[in-house]
Amino acid sequence: QPALEIRDLRKTYDNGVEALKGVSMRVEEGDFYALLGPNGAGKSTLIGIVSSLVNKSEGEVRVFGVDLHADRSQAMRLVGLVPQEINFNMFEQPLDILVNYAGFYGIPRPEALVRAEEELKKAQLWDKARKMSRTLSGGMKRRLMIARAMMTRPKLLILDEPTAGVDIEIRRGMWKTLKEVNAAGTTVILTTHYLEEAESLCRNLAIIDHGRIIEEGPMKTLLAKL
Ligand code: ADP
Ligand code: ADP
């Protein structure tokens, strides 16, 4: 059973923009998968639909066999999203950010505290648990975004341009965290417009342009073609 299966997905926004024009793709459980494409290709729209933030126009999306349309709440529990913009409250502490996020998903506080410690340690932020988030470095803030998404123990983690606009040191730190998340069994999908990033992290990728997948397959096969 694939982690994600999309069939003929279409999205037309209210203003008439056809962001997705019939996308089909399949991501196997345990994969590290990249969605590579230029700005405006439809990447954010696609992952917005998979993480239930955007309504599709047509097509079918299944997450671990669960039909997004038929059982949205169950599908939502399987997916964690790391949005492109840092959107936690800079005046809260990392520990509170994680615990409150878990509370929003109905996870009881004692369990949330256990998970928060675990995730902060994995993200190498445990020593920052009680600092004001505003004081964290750019890289630490990015890793906190990943830790927060992991609080619900998603089976599929999706990241929207996780390293957009960050320098190489921060990027490497995030790659390490993401490799560990994937090695621990979580399927990871990220969007990027850096080929280098896709190359160093991902086993499989799709190239999307103008709302269509123009290439899909193993990283190695596609690299040979480029
Ligand atoms: P990205 O960096 O993913 O390409 P954009 O800068 O295109 O993001 O979009 C930022 C936000 O604005 C997103 O929430 C997107 O849905 C929204 N947006 C993008 N293009 C339009 C548009 N033409 N009309 C309305 N909203 C848009
Ligand atoms: P990417 O993430 O690859 O940059 P997007 O999915 O953000 O691409 O955008 C795909 C197309 O849809 C673009 O033409 C963008 O302007 C448009 N778009 C994105 N969000 C919206 C929105 N909320 N309303 C209208 N058009 C949008």
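If you read the sequence shown in UniProt numbering, its first letter stands for residue 4, the second for the next number, and so on.
We treat Cβ as the ideally placed atom computed from N, Cα and C, and that holds for glycine.
All values derive from a computational prediction rather than experimental measurement.
{"Item": "Cβ-heavy atom distance, N18 to ligand 2, below 7 Å", "Value": "yes"}
{"Item": "Whole-Å CB distance - L7 paired with R29, under 8 Å assumed", "Value": "7 Å"}
{"Item": "Cβ pair V85, D163 closer than 8 Å", "Value": "yes"}
{"Item": "Beta carbon of L193 nearer than 8 Å to that of A150", "Value": "no"}
{"Item": "Cβ shell of M143 (< 7 Å), same chain only, five flanking positions each side left out", "Value": "L128, K131"}
{"Item": "Residue burial classification, K223 (beta-carbon count within 10 angstroms, cutoff 16)", "Value": "exposed"}
{"Item": "Which listed residue (I217, R75, G106, M93) has its alpha carbon closest to that of residue 244", "Value": "The structure shown does not extend to residue 244, since the chain spans only 4 to 229, so no value can be given for it."}
{"Item": "Endpoints, the beta strand (DSSP E) within which A209 is located", "Value": "207 to 212"}
{"Item": "Rounded C-alpha distance that separates I211 from P113", "Value": "43 Å"}
{"Item": "Extent of the continuous beta strand (DSSP E) to which D11 belongs", "Value": "7 to 15"}
{"Item": "Buried/exposed call for M154, threshold 16 Cβ in 10 Å", "Value": "buried"}
{"Item": "8 Å Cβ cutoff met for L226 and E202", "Value": "yes"}
{"Item": "According to DSSP, residues forming a beta bridge with M28", "Value": "I9"}
{"Item": "Opposing strand residues paired with residue 239 [DSSP bridges]", "Value": "Residue 239 lies beyond the range of the chain shown here (4 to 229); nothing can be said about it."}
{"Item": "Buried versus exposed, by CB contacts within 10 Å (16 or more), A186", "Value": "exposed"}
{"Item": "Cβ-Cβ distance between D34 and G25 below 8 Å", "Value": "no"}
{"Item": "Sub-8 Å separation of M135 and I89 beta-carbons", "Value": "no"}
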